[in-house]
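Asks: Have a look at this one.
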Amino acid sequence: MSRTSRRTHRCGELRVQHVGQRVRLGGWVHRRRDLGGIVFVDLRDRAGIVQVAVGPAAPEDVRRTAGGLTGETVVEVEGEVVARPGNMKNPELATGDVEVHPSKLTVVGLAVTPAIPVARAKGEELPSEELRLKHRHLDLRRPEMQANLVLRHRLLQRARRTLTELEFLEIETPILTKPTPEGARDYLVPSRVHPGEFYALPQSPQIYKQLLMVAGLDRYFQIARCFRDEDLRNDRQPEFTQIDLEASFVGPEDVLGFVEAVLVALWDEAGQQVAGPFPRITWREAMERYGTDKPDLRYELAITDWTTQVGPLGVPFFDAALKNGARVRGLAVKGGGGTLSRKDVDQLAETAKQLGGSGLAWVKRQGEQISGSVGKYFTADTLGALGIGDGDAALIAAGPDRVTSPVLDRVRQEVIRRLGAQPTATHAFAWVVDFPLFEPDPETGKPVFAHHPFTAPHPDDLPLGRKSPFEMRALHYDVVYNGNELGSGSIRITDRQVQYWVFHQLGLSDDEIAKRFGFLIDGLNSGAPPHGGFAIGFDRVVMLLAGAASLRDVIAFPKTTAARALFEGAPAPAHPADLRALHIKVEP
RNA sequence: GGGGCUGUAGCUCAGCUGGUUAGAGUGCCGGUCUGUCACACCGGAGGUCGCGGGUUCGAGCCCCGUCAGCCCCGCCA
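In terms of the working numbering, the first sequence has 175 at position 163, counting the first letter as 1, and numbering is strictly consecutive.
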């Protein structure tokens, strides 16, 4: 199927079976080796690289053209596929058993010297990320980048197939939509027809997919582009892709089952065998044992509460922190007494400080010797009570959980990295369940929703609502893989009374509810089936399965951390005439 | 919004305690070469040391500011 009117094969497809055939190829000059009497041209296309050998027997014009080829020029070649003699085979090349002896060679797309190299020497560093983004068409020629995009394509198709087989319907929802009252900042699009009014790009198709359930479509999915105007990270882009799904007449088990089916299929597509059901961990346990709601469960190392054991020892570092009913928690690092150097520990303490904590205390036990920043307060017995044996180390943080959890999470990850700890599993999927429904606003202490305001409260916790809303759990689920959050979802509120109760808890008046969420309330009033759904962060999945270091390596045209597109130069100033038409004045 | 790292030849990097003419590899240009595959060998060109200001007899190096890229915190219902 690679045949077109201008070629018979792709370069990288040629094998021994093609020997003797006349072929026509098109591709880019990857490298050229001119030995004088014979010129070798490595010709590259999407499928790979094949060697074209232009020897003394080749026609004069072919030899002349071959002698003058520059890198990255596009040529078309016609010639015979020839088996290479044994000692001239190249086992590092998929096409290495053959080469092409051309009778015609035509330059069809002359290239100037590329700004960044496509063909790199072994071990040569990549060009800077800035240049790779600026000259993206060249960066994307690299086989590694093409492999990432090929994988991305296959994963997309597999997701579509899997959900289609589960009787989900792929339905598109608007890109020009309504600004969201809460949540992330919206990207706004001014309306020309309605002065002073704006569309927003969707942060997710959340409300649309719920309305599709109200409409009776039963099962929906979409490979949905989402937009959030927030600051970027290595694993966060301002526009990103979700595998978004929603289903009717479902409970939590159904939703989790659908998501497991999709993820197992995606991992299978990438050649990784995994199986559901994924283990579950409560949010509370995840925070307690790992200090994060997305724990990397490939490693057993876990946080322990040492408050009762350490409290009576009179350590000033801890006593200062313990005044406000806080806790002492830490990590018992088996063998850490020997393997964690003083430098390691100091750097871990520095990391802890940067996260806003008071720092990290540590104790090492090596034979009779007990050392460390708080070592003099401990004996072998007191350490033994913490599970610190001979040759072990304890890394200890004290304070309120909101400080110690992120610190110990980070320290745990660093310890695992520095010790080169052996994982107990290659693929550690897990569901994080029983998230809180509300969380306190850090400034006012009033309830704000932990997810979105349509997440159903856990039915068992409804009686709690009146007196202790923060104790209420939500029917909300995160799927976590090797310390990465892959997605989240929930059962939605379909009871009008519950929905109003939640909005009231958040401090919204009936007027505000009607104004902001009127169309959803209308939906709930018009016969809403029980429904729930999920969204999988697709870019992140591709990144992990491709083994890529950054989201930018699995997106064809990504943005920089300053949300700029270096290739096309977006954003850019608008023409004054366009601004006038949009009724917009820009203040400098 | 805050913190950190980086910015020197087309590309990747070195550049000592501030010292005279800023280097290497690769790419590029020219030449030799009939079995290379990172071809080899010979020769050559190539620099706004991100930008602006300051300190100094003298700045790639020190100071201040600024821009860009990357990483982190805040933020991301």
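For each residue, glycine too, the CB sits at the ideal point set by N, CA and C.
Take Gly545 and list the residues in its own chain whose beta-carbon comes closer than 7 Å to its own, dropping the five residues that flank it on each side.
Replies: Within the same chain, Gly545 has close Cβ partners Lys221, Leu257, Glu258, Ala259, Val267 and Gly501.
Asks: Counting only the same chain and skipping the five closest in sequence on each side, list residues whose C-beta sits under 6 Å from that of Pro139.
Replies: The residues are Ile128.
Asks: Measure the C-alpha to C-alpha separation of Ala123 and Ala437 and round it to an integer number of angstroms.
Replies: Roughly 48 Å between the two C-alpha positions.
Asks: Where does Met555 land, buried or exposed, given buried means 16+ other C-beta within 10 angstroms?
Replies: Flag for Met555 reads buried.
Asks: From what residue to what residue does the alpha helix (DSSP H) around Asp356 run?
Replies: Unbroken alpha helix (DSSP H) run through Asp356: Arg354 to Gln366.
Asks: Cα-Cα, which of Leu325, Gly384 and Thr316 is closest to Gly349?
Replies: Closest by alpha carbon: Gly384.
Asks: Pick from Val51, Phe233, Thr573 and Val276: whose alpha carbon is nearest that of Val491?
Replies: Here the closest residue by C-alpha is Val276.
Asks: Tell me the DSSP secondary structure of Tyr389 in three-state form.
Replies: DSSP places Tyr389 in helix when its eight states are reduced to three.
Asks: To test your reading of the DSSP string, which unbroken beta strand (DSSP E) runs of 3 or more residues are found completely within the region 254 to 335?
Replies: Fully enclosed beta strand (DSSP E) runs of 3 or longer: 292 to 294 and 315 to 317.
Asks: Specify the secondary structure class of His113 as computed by DSSP and reduced to three states.
Replies: If DSSP states are grouped into helix, strand and coil, His113 belongs with the strands.
Asks: Would you kindly work out how many angstroms separate the C-alpha atoms of Pro207 and Leu200, rounded to a whole number?
Replies: Taking the straight line joining both Cα atoms gives about 14 Å.
Asks: Between the beta-carbon of Leu37 and the beta-carbon of Thr107, is there less than 7 Å?
Replies: No, these two residues do not count as a Cβ contact at 7 Å.
Asks: Taking the alpha-carbon of Thr192 as reference, which of Leu181, Val598, Phe180 and Phe210 has the nearest alpha-carbon?
Replies: Residue Phe210 is the option with its Cα nearest to Thr192.
Asks: Just the Cα atoms here: how many angstroms apart are Gly387 and Leu360?
Replies: Those two C-alpha atoms are separated by around 17 Å.
Asks: So for Phe461, helix, strand or coil by DSSP?
Replies: Here Phe461 sits in strand by DSSP.
Asks: Does the pairing of the region 53 to 69 with the region 113 to 121 give three or more beta-carbon distances under 8 Å?
Replies: Result yes; three or more Cβ-Cβ pairs closer than 8 Å.
Asks: Figure out for me which residue from Arg76, Val226 and Gly283 has the closest Cα to the Cα of Leu167.
Replies: Here the closest residue by C-alpha is Gly283.
Asks: Can you give me the start and stop residues for the beta strand (DSSP E) that Pro452 sits inside?
Replies: Per DSSP, Pro452 belongs to the beta strand (DSSP E) from Phe450 to Pro452.
Asks: Drop a sphere of 10 angstroms on the beta-carbon of Pro71, count the other beta-carbons inside from all chains shown, and report buried for 16 or more, exposed for fewer.
Replies: Exposed.
Asks: If we call anything under 7 Å between Cβ atoms a contact, is Ile428 one with Tyr311?
Replies: Yes, Cβ-Cβ distance for Ile428 and Tyr311 is below 7 Å.
Asks: Between which two residues does the alpha helix (DSSP H) harbouring Asp421 extend?
Replies: Asp421 -> alpha helix (DSSP H) spans Asp413 to Leu431.
Asks: For Ala593, does the count of other Cβ atoms within 10 angstroms reach 16, so buried, or fall short, so exposed?
Replies: The residue in question, Ala593, is exposed, as its Cβ has fewer than 16 Cβ neighbours within 10 Å.
Asks: Once you ignore the five residues that flank Arg508 on each side, which residues in its own chain have a CB closer than 8 Å to its CB?
Replies: Correct list, in chain order: Ile533, Leu536 and Asn537.
Asks: With DSSP collapsed to three states, give me the class of His42.
Replies: Strand, per DSSP.
Asks: Excluding the 5 residues preceding and the 5 following Ala560 in the sequence, name in chain order all residues of the same chain whose CB lies nearer than 7 Å to its CB.
Replies: Cβ neighbours of Ala560 beyond the five flanking positions: Asn160 and Val566.
Asks: Can you tell me whether Arg245 is buried or exposed, with buried defined as 16 or more other CB within 10 angstroms of its CB?
Replies: Exposed is the call here.
Asks: Apart from the five residues just before and just after Trp443, which ones in its own chain have a Cβ nearer than 8 Å to its Cβ?
Replies: Here the set comprises Leu268, Phe290, Pro291, Arg292, Ile293, Tyr489, Asp490, Val491 and Val492.
Asks: What does the Cβ neighbour count give for His42, buried or exposed, with the cut at 16 atoms within 10 Å?
Replies: Answer is buried; the Cβ neighbour count reaches 16.
Asks: Indicate whether Pro481 and Pro454 have their beta-carbon atoms separated by less than 7 Å.
Replies: In this structure, Pro454 does not lie closer than 7 Å to Pro481 by Cβ.
Asks: Can you round the beta-carbon distance between Gln234 and Pro214 to whole angstroms, since I take them to be within the 8 Å contact cut?
Replies: About 11 Å separates the two Cβ atoms, so there is no contact after all.
Asks: Quick check: the Cα distance between Met484 and Glu451, rounded to an integer number of angstroms?
Replies: For Met484 and Glu451, the distance between alpha carbons rounds to 10 Å.
Asks: Do the CB positions of Glu272 and Arg231 come within less than 7 Å of each other?
Replies: Cβ atoms of Glu272 and Arg231: not closer than 7 Å.
Asks: According to DSSP, is Leu343 part of a helix, a strand, or is it coil?
Replies: Reduced to three states, the DSSP call for Leu343 is strand.
Asks: Under the rule that 16 or more other beta-carbon atoms within 10 Å means buried, what is His543, buried or exposed?
Replies: When all chains shown are included, His543 counts as buried.
Asks: Who are Leu37's beta bridge partners in DSSP?
Replies: Leu37 pairs with Val89.
Asks: If we ignore side chains and look at the alpha-carbon of each, how far apart do Asp198 and Cys238 end up?
Replies: Their backbone Cα atoms lie some 10 Å apart in a straight line.
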